[in-house]
Amino acid sequence: MNELVKIKEQNGITKLISSREIAEATGKNHSDVMRDIREMCEQADVTISLLNSKQICFMPNSENVMVMEYIFYIQAGIGKSKSKEYLLNEMAAECLALGYDVKRRIAVLKLIKRMKQAPEKQVVLPDFTNPVIAAREWADTMEKKLFAERKLELSEKVVEKQVPKVKYHDEVLTSKSTFNTTTIAKELGMSAQELNKRLHKMGIIFYTGDHWVLYAKYQNSDYTKTRTVTFIDGEGKTRTAIDTIWTEKGRKFIHGLFNN
């Protein structure tokens, strides 16, 4: 394996974009984006490097196309779920975008622009004197980031599968004119997960760690309320969580966003 190096750009760090971020930006399935990346690397004769908690390998010139494969495991019920991401430097992301249609190409270029404008929000390789320490710190940071993203994705899938078994206990509301995200999403012809992602991209809601809430701009608009949800987890145990539901005003607001 090549010697570990620190990749320096104008601000002393190398910024990377994950295949999952590209999938969200373009509206493509993550598996399809990963396939696109593999095909791009094959055509460009680029080797995909392996990055995990034991190994981290960078190409010494960040102006080249650089793609890394990151594999990690997270707890899912009584077992572990394997997940994989591809990490691309700016050149690789631009190269991938060239193979997309204009709309998706613009989406990737906007993603690159946001990454460059807000480097403090990106996972970066610290400029440590010891490259081994730098590599370890970078890998640990990336693992935490991807773990959180994958955990959210899996939790939403578990809840979606449990819908027939879910029993809702409304401890806050007495009004009947409220709607859960799944109901509104079906009215719009999409899943609740997809609707949440779109509203997040629009800057309307964000994930707090256990449920979605409105950004400050919309908090006093009477669009949502909260209630306690009781559900059965993958181990058959009863759990509770805070759920955000939409008022009639919030439902009309969402329909207006997608019907205009």
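The opening residue of the sequence shown carries number 1 in full-length UniProt numbering; numbering runs sequentially from there.
Glycine included, C-beta positions come from ideal geometry on N, C-alpha and C.
Check                                                                                                                   : Outcome
Segment limits, alpha helix (DSSP H) that includes residue 205                                                          : First-last for residue 205: 205-207, but that is the beta strand (DSSP E), not the alpha helix (DSSP H).
Residue 102 versus residue 109: straight-line alpha-carbon distance, rounded                                            : 10 Å
Per-residue DSSP class, three states only, for residue 15                                                               : strand
Endpoints, beta strand (DSSP E) assigned at residue 213                                                                 : 212-214
Extent of the continuous alpha helix (DSSP H) to which residue 48 belongs                                               : First-last for residue 48: undefined, no H or E at that position.
Test item: CB-CB of residue 99 and residue 36 under 8 Å                                                                 : yes
Reduced DSSP secondary structure (H/G/I, E/B, other) of residue 82                                                      : strand
Among 94, 256, 240 and 83, the one whose alpha carbon lies nearest that of residue 16                                   : 94
First through last residue of the alpha helix (DSSP H) which encompasses residue 108                                    : 102-117
Under the three-state DSSP convention, the category residue 218 falls into                                              : helix
7 Å CB neighbourhood of residue 21 in its chain, flanking five on each side removed                                     : 111
Cβ-based neighbour list, residue 253, same chain, cut-off 6 Å, excluding 5 preceding and 5 following                    : 223
Buried/exposed call for residue 196, threshold 16 Cβ in 10 Å                                                            : buried
Residues sharing a beta bridge with residue 67, DSSP                                                                    : 88
Three-state secondary structure (DSSP) of residue 197                                                                   : helix
Alpha-carbon spacing of residue 204 relative to residue 215, whole angstroms                                            : 6 Å
Close-in-space but distant-in-sequence residues of the same chain around residue 258 (CB under 7 Å, 5 per side omitted) : 188
Coarse secondary structure for residue 28, derived from DSSP in three states                                            : coil
Alpha carbon of residue 245 to alpha carbon of residue 27, nearest angstrom                                             : 25 Å
With 16 other Cβ atoms within 10 Å as the buried cut-off, status of residue 207                                         : exposed
Distance between residue 243 and residue 212 (C-alpha atoms, nearest Å)                                                 : 8 Å
Burial state of residue 83 (16 or more Cβ within 10 Å)                                                                  : buried
Cα-Cα separation, residue 85 to residue 19                                                                              : 6 Å
Buried versus exposed call for residue 241 [16 or more other C-beta atoms within 10 Å across all chains shown]          : exposed
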